[in-house]
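Going by my numbering, the sequence shown opens with residue -13, and the numbers climb by one from there. Positions of the beta carbon are idealized from the N, C-alpha and C atoms, including for glycine. Structure, as structure tokens:
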Amino acid sequence: MFGSLKALPADPILGLLAKYREDANPQKIDLGVGVYKNEAGHTAVLDCVKKAEKYRLDNEDTKVYIGPTGSPLFNDEMAKLIFGNHKVLQDNRTRTVSTPGGTGALRVAAEFIKSCKPGATIWVSNPTWANHTGLFQAAGLTVKTYPYYDYENKSLDFDGMLAALKQVSADDAVLLHACCHNPSGMDLNQEQWQQVADVAKSVGFLPVVDMAYQGFGDGLDEDAYGLRLMANSVEEMIVCSSCSKNFGLYRDRIGATTIIGKSSAAVDIAYSVLLYVIRVIYSMPPAHGAALVETILSSDELRHEWYNELSEMRDRINGNRRLIVDKLKENGVTRNFDFITEQKGMFSFLGITPEQVQQLQDEYAIYMVGSSRMSIAGIANSNVDYLAQSIAKVL
Ligand code: LMR
């Protein structure tokens, strides 16, 4: 059976991480995978998570099955984080389930869409997160792209995006990034969200919003602005969220899929299908990460501590955006990189060629994805001079 297989190349993001770990160069810099790092280059466990873990250790008294939905308290807290006090919650039109990370949330959404319409098409931004396409195709969906990032002008191709979305069929799904677009860092502004919501309403496609970085852009509510606006306009929608980045729970694999239906009764039917979808893939989600998140979100003290830790991560990344742009100028680079300071979240495209990206890796042990996507959190005061000088040489 296995004899017919052909080896596949390493994943473009995770493969890079493995290479970085093997590199013996003491000056190496990891700007690859999207994980937060502190000034010392370490992805530390958040203090609020440590406290929640201690609380769980002292208080957890069973590991018995929870069921396909995961913990109801986690699901309720996540729904509030996503929607605030939005009317869809008051109208009881949402159902949230815990999932194994944000990728699990997307895969559950994809399988659910397939149950609604086998072979459905999902439109994703060009570019999008490297795993979106494979993940949706693996679930049997057809993937098509709409214009999004204008590489030439380092801006959003909003006219192209809107024109493409107007041509989408009412039976299709459209994937939107809630905030901190991965990989470009280029987000829609409030007015653009309104226009996309208007198109979604008039065309009737299903918006699927991926929110992997809530809190990393402008703030928790600010980053959910677009999807809340969308929820004002459409009858059905899916939101996939992740606690990997904003709670730093990467390896605990915790996220959520939320469906919005036309009515409470309609969403109950959809929910029964969602539960079946989960049952036949992995039966039930892992519980540990959800237990930590619900402990934090349902305690005033821990929640407050989490806000502060999240703000600190966001501020450091924004500071790094300014830092690298200034250092490039200091090192005589005349090309304009100011766009990096205007973008949001973990990533920006540096906008150099794949050959230059490779040269940075081979000659300077600086690792970024081949598209020149940089994970801004990997920049630190201790490495920014070396980074800017290396980029200057390569340019
Ligand atoms: C990334 O884009 O680097 C992150 O979302 C991590 C991943 O799984 O690819």
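DSSP state of residue i, grouped into three classes?
i	result
Met216	helix
Val31	coil
Asn168	coil
Met(-13)	coil
Tyr135	strand
Met332	coil
Gly146	helix
Thr119	helix
Ser111	strand
Pro435	With the chain running from -13 to 381 in the structure shown, residue 435 is simply not present.
Ser188	helix
Leu235	coil
Pro12	coil
Pro193	strand
Leu161	strand
Ile362	helix
Arg338	At residue 338 the sequence reads Ile, which differs from the Arg that was named. It is coil, neither helix nor strand.
Ser228	strand
Lys130	strand
Tyr199	coil
Tyr372	helix
Tyr22	coil
Ser385	Here the chain has residues from -13 to 381 only, and residue 385 is not among them.
Quick one: is residue i buried, meaning 16 or more other Cβ sit within 10 Å of its Cβ, or exposed?
i	result
Ile255	exposed
Ser376	buried
His118	buried
Ala124	exposed
Pro54	buried
Ile102	As written in the sequence, residue 102 is Cys, which differs from the Ile given in the question. With fewer than 16 other Cβ atoms within 10 Å, it is exposed.
Pro271	buried
Gly105	exposed
Lys73	exposed
Thr128	exposed
Ser357	buried
Pro193	buried
Arg321	exposed
Gly212	buried
Tyr353	buried
Ser111	buried
Met299	buried
Glu97	buried
Gln347	buried
Tyr137	exposed
Leu43	exposed
Thr80	buried
Met(-13)	exposed
Tyr134	buried
Thr143	Before going on, a small fix: residue 143 reads as Asp here, not Thr. It is buried - the Cβ of Asp143 has at least 16 other Cβ atoms within 10 Å.
Arg308	exposed
Gly290	The sequence given here has His at residue 290, not Gly. Exposed, because fewer than 16 other Cβ atoms sit within 10 Å of the Cβ of His290.
Lys40	exposed
Glu25	exposed
Verify whether the separation of the beta carbon atoms of residue i and residue j is less than 8 angstroms.
i	j	result
Met360	Leu336	yes
Tyr18	Ala366	Here the sequence assigns Gly to residue 18, which means Tyr is not the residue at that position. Their beta carbons are not under 8 angstroms apart, which means Gly18 does not touch Ala366 by this criterion.
Met223	Ile68	no
Asp173	Gly70	no
Val31	Tyr236	no
Gln329	Gly171	yes
Leu148	Val160	no
Val94	Thr243	yes
Thr327	Val311	yes
Ser84	Phe122	no
Ser219	Asp184	yes
Asp(-3)	Tyr6	no
Ile108	Asp157	no
Gly87	Ile264	no
Val35	Gly205	no
Cys229	Leu92	no
Check whether the Cβ of residue i sits closer than 7 angstroms to any heavy atom of the ligand FAD, and report yes or no.
i	result
Val19	This structure simply doesn't include the ligand FAD; it includes the ligand LMR instead.
(request) Please specify which runs of the alpha helix (DSSP H), each continuous and at least 4 residues long, are wholly inside the segment 26 to 91, giving them in chain order. (result) As far as the segment 26 to 91 is concerned, its whole alpha helix (DSSP H) runs of at least 4 residues are 33 to 45, 58 to 69 and 73 to 76.
(request) Jot down the residue ranges of each uninterrupted alpha helix (DSSP H) in the segment 238 to 326, minimum 4 residues, whole runs only, in chain order. (result) The qualifying runs are 250 to 267, 274 to 283 and 286 to 316.
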